[in-house]
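Q:
Residue numbers (UniProt numbering), protein chains in the order written: chain A, 1 to 494; chain B, 1 to 494.
(1) Classify residue 497(B) as buried or exposed, calling it buried when 16 or more other Cβ atoms lie within 10 Å of its own Cβ.
(2) For residue 301(B), I'd like the list of residues in its chain whose CB is within less than 6 angstroms of its CB, leaving aside the five on either flank, ordered along the chain.
(3) Report the neighbours of residue 89(B) on chain A: residues whose CB is nearer than 8 angstroms to its CB, in chain order.
(4) On the CB-based measure, 16 or more other CB atoms within 10 Å of its CB, does residue 320(A) come out buried or exposed?
(5) If you drop the 5 nearest sequence neighbours on each side, which residues of the same chain put their C-beta closer than 8 angstroms to that of residue 37(B)?
(6) Distance cutoff 8 angstroms, beta carbons only. Does residue 127(B) sit that close to anything in chain A?
(7) May I have a chain-ordered list of the alpha helix (DSSP H) segments no shorter than 4 residues that lie completely inside the stretch 135-215 of chain B?
(8) When you compare the CB of residue 234(A) with every CB in chain B, is at least one pair closer than 8 angstroms?
(9) If you drop the 5 nearest sequence neighbours on each side, which residues of the same chain put their C-beta closer than 8 angstroms to that of residue 508(B)?
(10) Helix, strand or coil: how does DSSP classify residue 328(B) here?
(11) May I ask you to verify whether the stretch 36-50 of chain B touches the stretch 152-166 of chain B, counting CB pairs closer than 8 angstroms and requiring at least 3?
(12) Which runs of the beta strand (DSSP E), 3 residues or longer, sit entirely within the stretch 82-112 of chain B?
(13) Report the three-state DSSP secondary structure of residue 405(A) (helix, strand or coil).
(14) Less than 8 angstroms separating the beta-carbons of residue 203(A) and residue 133(A)?
(15) Measuring straight from C-alpha to C-alpha, what distance separates residue 403(A) and residue 358(A)?
(16) Among 142(A), 149(A), 108(A), which has the Cα closest to the Cα of residue 129(A)?
(17) Any idea which residues DSSP pairs residue 4(A) with across the strands?
(18) Where do the ends of the alpha helix (DSSP H) carrying residue 34(B) lie?
(19) My understanding is that residue 465(A) touches residue 408(A), with C-beta atoms under 8 angstroms, so please give their C-beta distance in whole angstroms.
(20) Looking only at its chain, what residues have a beta carbon closer than 8 angstroms to the beta carbon of residue 259(B), apart from the 5 residues adjacent to it on each side?
(21) Could you check whether the stretch 212-223 of chain A touches the stretch 138-158 of chain A, counting it as contact only if at least three pairs of C-beta atoms, one from each stretch, sit closer than 8 angstroms?
(22) Check the C-beta distance from residue 85(A) over to residue 350(B) and give it rounded, since I have them as a contact under 8 angstroms.
(23) Considering only residues of the same chain and omitting the five flanking positions on each side of residue 372(A), which have a CB-CB separation below 7 angstroms?
(24) Looking at chain A, is there any beta carbon in it that lies within less than 8 angstroms of the beta carbon of residue 344(B)?
(25) Using only CA atoms, which one of 461(B), 462(B), 478(B) lies nearest to residue 469(B)?
(26) Am I right that residue 58(B) and residue 46(B) are in contact with their C-beta atoms under 8 angstroms? What's the rounded C-beta distance?
(27) Please name the residue, chosen from 135(B), 180(B), 178(B), that lies closest to residue 205(B) on a Cα-to-Cα basis.
(28) For residue 250(A), tell me which candidate among 106(A), 231(A), 265(A) has the shortest Cα-Cα distance.
(29) Residue 396(B) versus chain A: which residues are under 7 angstroms apart at the beta carbon?
(30) In its own chain, which residues sit with a C-beta less than 7 angstroms from the C-beta of residue 444(B), not counting the 5 before and 5 after it?
(31) What number of angstroms, rounded off, separates the C-alpha of residue 434(B) from the C-alpha of residue 262(B)?
(32) Just confirm the distance between the C-beta atoms of residue 95(B) and residue 342(A), as a whole number of angstroms; I'd bet it's less than 8 angstroms.
(33) Taking DSSP's pairing of strands, which residues face residue 46(A) in a bridge?
(34) Going along the chain, which residues of its own chain have a beta-carbon closer than 8 angstroms to the beta-carbon of residue 173(A), five neighbours each way excluded?
(35) Taking any Cβ of chain A, which residues in the stretch 137-171 of chain B have a Cβ under 8 angstroms from it, in chain order?
(36) Please check if any C-beta of chain B sits within less than 8 angstroms of the C-beta of residue 216(A).
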């Protein structure tokens with residue numbers, strides 16, 4: 001979930017200079033239109049890890065727009081007034097009216113997060129509180145409010161660096177408190193709980209936008225542009241026939257630094273090494289599945305990736321190591337008539353494996369947020385809600401001790417072209433290449449973007465994505481087998 | 001919440017004869033249309049207390065419609081197949097496809113309910129499971145399914161009678177198990193948990209319909225008509241522009257037995273008794289507010305009722321007993337401009353009282369489901385979601401140790417007319433009677449129906465409605481004071 005926010009996003013001074021004035025103008029105009037049309041209240045949450053620049057961000061927004069019509073609320077300790085009333089009272093009393101913008105820094109998420117990290121509340125109660133928050137935000141959206149939620153993220157090292165630099169400089173030393181260092185020590189716990197929190201509270205109506213906090217220019221530009229896009233969308237649509245507000249757009253990384261583009265696809269494995277490793281990991285896999293505790297588990301393996309990335313080949317290398325009674329390979333094509341008459345996830349639920357069984361999906365439920373999104377087979381609202389439905393689906397399986405292993409096999413355009421051509425030449429491979437493949441290839445960037453959004457929103461601690469550099473088949477197959485073995489070992493507690 | 005399902009609803013043989021054939025024909029037609037159009041899947045949940053006739057109801061539905069296109073699922077113990085997979089698997093695998101009807105008896109609600117009643121899971125975990133159910137049902141609705149949820153209710157005595165009669169008759173004795181008697185002993189706990197469950201899982205898209213189970217004819221006719229109305233609504237609307245399915249209609253009691261009509265408005269109190277009681281309870285109230293523990297509480301009193309039912313008078317009888325620094329009376333009229341620029345509940349949140357304070361609302365947030373519903377000031381979807389938002393709002397206050405006391409002051413049409421005329425005569429009372437009052441009077445039945453729905457859906461154990469027979473002002477004022485004292489005593493643990 002945080003992977004894309006640890007890539008070291010940056011915006012150069014030049015780009016900044018080029019973009020900034022247009023952005024500020026756009027925001028001012030939008031704010032004015034909002035004020036005059038009184039279209040809706042705008043609620044902006046700025047949350048995230050310490051030192052990720054929450055404060056500065058809020059200052060910039062006030063600087064860029066007309067602060068007279070922005071209400072900033074940095075709510076910390078409860079006042080007596082508030083302590084004697086229900087928890088949400090403090091937020092209700094300062095909600096912005098239609099036409100105004102309210103920025104919350106120190107939001108209704110802080111308390112549950114901290115209480116859970118410090119063990120004051122159990123997960124069940126955390127979930128209770130998150131569900132109340134969800135109901136609150138749903139009410140706001142139903143009432144027509146535009147709710148934008150930004151999470152500023154820093155990697156562990158980055159946060160440490162921040163704290164150190166702040167401490168060195170006498171003019172900023174005061175900003176680093178003991179609590180900051182205490183929180184730093186708890187970084188991993190915070191990360192884990194935050195992820196759970198973002199996962200359960202990211203809805204189509206008010207999704208979280210996770211922003212890498214390292215580079216200020218990137219931070220400000222991303223948040224500014226996301227805000228502007230959402231505002232304009234609201235202001236420009238003519239009244240909806242049946243008044244549901246549109247789903248706010250998701251903003252692609254403004255510096256074009258996509259996680260899939262950071263992979264080193266040149267990685268290779270010599271034939272000899274490959275054969276050695278293959279034997280090693282297939283053997284290991286086989287042994288693992290004969291572990292007595294394996295009876296308590298089930299395994300779901302998902303293969304997604306570019307066309308011709310070698311999913312089939314990798315799957316065969318897995319099944320070679322297994323007993324045929326132990327696994328099922330489920331190829332996912334267009335839904336059958338029977339499947340179309342059911343909710344989207346039905347065709348996958350029917351293939352949920354029993355204990356000590358593998359279900360290996362060649363393409364999967366992620367089709368909803370990949371091909372169906374790009375080809376427009378379903379509405380924006382449908383694929384947006386799919387992220388949540390999918391996370392919930394996988395969570396249910398994991399809760400039942402299923403090992404979820406998800407692979408994205410990545411190749412570049414040139415390699416794909418080579419393989420397409422090869423497939424057309426070699427007779428017995430020809431069936432593998434279709435019109436669709438060429439069509440999808442045309443939309444390479446769109447698919448790439450959809451895949452990156454998918455990874456950002458569905459790579460969770462309980463069901464992480466493994467990105468596989470697949471230009472070299474040998475390298476890819478071994479990485480797949482190795483990962484699978486590691487995940488199983490972990491699940492078997494070895 | 002169950003009040004209206006304990007009034008002894010009945011349908012005579014004559015009415016039954018008159019209605020039944022048309023209903024059956026209608027259902028068959030609707031089923032056929034559903035089948036041919038494949039408009040959506042229909043999911044019917046039949047839940048409720050033991051012996052309330054769940055089984056018979058399902059049989060009737062199968063008898064009335066074409067059973068070849070109905071799939072009935074009485075899911076009890078888990079099979080091995082199911083035990084090895086996530087809990088919802090068993091339901092996913094039997095979901096009806098578009099065009100078909102699936103009836104579930106023994107639903108996804110049974111397990112959480114029983115586990116909580118027997119103390120196997122705490123409330124926090126119950127809420128977790130209910131939220132998962134909510135997400136599941138939301139997904140079904142988002143996917144276009146029609147989800148109808150019926151809860152068959154029996155009063156404690158009624159259930160006992162049932163069990164006894166079943167036991168007497170040798171042909172039915174086998175149906176009464178030890179578990180049934182065990183459950184009967186736990187009736188009160190079941191009632192309490194069920195209420196919490198129905199409260200949190202009744203959504204605009206799939207609200208619960210609570211049906212009194214005592215009289216079979218009433219039971220069957222209510223469920224049959226509700227089903228037919230919902231089916232027709234779905235089948236007859238032309239495709240929505242932005243595909244959200246319509247909110248299913250709520251069915252008024254088919255025997256016109258409305259809870260407000262069961263009140264004995266003739267109840268009176270002699271002047272002398274009145275003055276005695278008045279002094280007694282005002283004194284008591286005053287003493288209670290000086291109890292040291294009162295500092296830990298806050299009190300919210302809500303007055304709703306027919307126009308000219310005497311809300312103001314009753315309020316004065318309360319405030320006379322209090323220190324002016326202790327209470328605020330909040331008269332609710334049409335929202336101000338400032339209030340209109342905020343979410344509906346904002347104007348009430350701003351008046352949530354501090355500890356050891358009274359907030360007395362002369363009309364309240366219930367305006368949403370009364371005047372705004374009847375006069376069409378808001379959409380069907382808006383007042384339907386208001387029930388849930390209101391319950392959530394009140395729950396938040398109660399969780400913060402607020403005593404919620406809600407009064408509905410009831411008078412009949414004749415009495416109202418008398419008071420209207422009187423007000424017009426007496427100069428200083430003339431300001432009290434407006435055009436609106438006469439207009440509302442025209443819509444007496446609609447307001448009555450809205451009030452009854454309101455009571456059914458928002459009278460909860462934590463925030464019950466007290467219905468006050470108010471034709472006689474003396475009687476009403478004493479009942480109000482007495483109830484208030486009792487609620488405070490209970491809260492102070494005396």
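Just so it is clear, CB atoms sit at the ideal spot from N, CA and C, and this is done for glycine as well.
As the structure is a computational prediction, the values presented were derived from the model and not from experiment.
A: For this structure:
(1) Nothing can be reported for residue 497(B): it is not among the residues displayed for chain B, which extend from 1 to 494.
(2) Here residue 301(B) corresponds to residue number 301 of the second chain, with the count starting at 1. Only 360, 405 meet the Cβ criterion.
(3) Taking the second chain and counting its residues from 1, one reaches residue 89(B) at position 89. What residue 89(B) touches in chain A, judged by beta-carbon distance under 8 angstroms, is 349, 352, going in chain order.
(4) Here residue 320(A) is taken as the residue at index 320 of the first chain, counted from 1. It is exposed - the Cβ of residue 320(A) has fewer than 16 other Cβ atoms within 10 Å.
(5) In the second chain, counting from the first residue as 1, residue 37(B) sits at position 37. Taken in chain order, the residues that qualify are 99, 235.
(6) Start at 1 with the first residue of the second chain, and residue 127(B) comes out as number 127. It does: the Cβ of residue 127(B) has a partner Cβ on chain A nearer than 8 angstroms.
(7) DSSP runs (the alpha helix (DSSP H)) wholly in the stretch 135-215 of chain B: 156-168, 170-173, 178-185, 187-201.
(8) If you number the first chain from 1, residue 234(A) lands on position 234. Residue 234(A) does not count as touching chain B.
(9) Not covered by the structure: residue 508(B). The range shown for chain B is 1 to 494.
(10) For the purposes of this step, residue 328(B) is identified with residue 328 of the second chain, where counting begins at 1. Looking at residue 328(B) - three-state DSSP - the assignment turns out to be strand.
(11) At 8 angstroms Cβ cutoff, the stretches touch.
(12) Runs found: 101-105.
(13) Translated into the one-based positions of the first chain, residue 405(A) becomes position 405. DSSP places residue 405(A) in strand when its eight states are reduced to three.
(14) As a working mapping, residue 203(A) is identified with position 203 in the first chain. As a working mapping, residue 133(A) is identified with position 133 in the first chain. Residue 133(A) sits away from residue 203(A), with the two beta carbons spaced by 8 angstroms or more.
(15) Numbered from its first residue, the first chain carries residue 403(A) at position 403. Numbered from its first residue, the first chain carries residue 358(A) at position 358. For residue 403(A) and residue 358(A), the distance between alpha carbons rounds to 9 angstroms.
(16) Taking the first residue of the first chain as position 1, residue 129(A) is located at position 129. Ranked by Cα distance from residue 129(A), the options 142(A), 149(A), 108(A) are led by 108(A).
(17) Residue mapping note: residue 4(A) aligns to position 4 of the first chain, counting from 1. DSSP output for residue 4(A) lists no bridge partner at all.
(18) For the purposes of this step, residue 34(B) is identified with residue 34 of the second chain, where counting begins at 1. Residue 34(B): member of the alpha helix (DSSP H) spanning 13-37, first to last residue.
(19) On the first chain, position 465 is the one that residue 465(A) refers to. On the first chain, position 408 is the one that residue 408(A) refers to. Contact between residue 465(A) and residue 408(A) holds, with the beta-carbon distance rounding to 6 angstroms and staying under 8 angstroms.
(20) If you number the second chain from 1, residue 259(B) lands on position 259. Excluding positions up to five away in sequence, the list reads 3, 4, 7, 452, 455, 456, 467.
(21) Enough Cβ pairs lie closer than 8 angstroms, so yes.
(22) Along the first chain, one-based indexing puts residue 85(A) at 85. Along the second chain, one-based indexing puts residue 350(B) at 350. That pair is no contact at about 11 angstroms.
(23) Within the first chain, the letter at position 372 stands for residue 372(A). Excluding positions up to five away in sequence, the list reads 378, 383.
(24) Start at 1 with the first residue of the second chain, and residue 344(B) comes out as number 344. For residue 344(B), at least one C-beta of chain A is nearer than 8 angstroms to its own C-beta.
(25) The residue given as residue 469(B) occupies position 469 in the second chain. Nearest option by C-alpha distance: 478(B).
(26) Counting from 1 along the second chain, the entry for residue 58(B) is found at position 58. Counting from 1 along the second chain, the entry for residue 46(B) is found at position 46. Contact flag correct, Cβ pair sits at about 6 angstroms.
(27) Sequence index remark: in the second chain, residue 205(B) carries index 205 (1-based). Among 135(B), 180(B), 178(B), the Cα nearest to that of residue 205(B) belongs to 135(B).
(28) Position 250 of the first chain, counting from 1, holds the residue named residue 250(A). Minimum Cα distance to residue 250(A) is reached at 231(A).
(29) For this step, residue 396(B) is matched to residue 396 along the second chain. Chain A residues near residue 396(B): 86, 88.
(30) Here residue 444(B) refers to the residue found at position 444 of the second chain. Sequence-distant Cβ neighbours of residue 444(B) in its own chain, meaning closer than 7 angstroms and more than five residues away, are 413.
(31) Locating residue 434(B) in the second chain gives position 434, counting from the first residue. Locating residue 262(B) in the second chain gives position 262, counting from the first residue. Distance between the alpha carbons of residue 434(B) and residue 262(B): 29 angstroms.
(32) In the second chain, residue 95(B) corresponds to position 95, counting from 1. In the first chain, residue 342(A) corresponds to position 342, counting from 1. Going by Cβ atoms, the distance from residue 95(B) to residue 342(A) rounds to 6 angstroms, so yes, they are a contact pair.
(33) As a working note, residue 46(A) is residue 46 in the first chain. In DSSP, residue 46(A) forms a bridge with 105(A), 150(A).
(34) In the first chain, counting from the first residue as 1, residue 173(A) sits at position 173. So the list reads 166, 167, once near-sequence residues are dropped.
(35) So the close ones are 139, 140, 142, 143, 145.
(36) Taking the first residue of the first chain as position 1, residue 216(A) is located at position 216. Closer than 8 angstroms: no.
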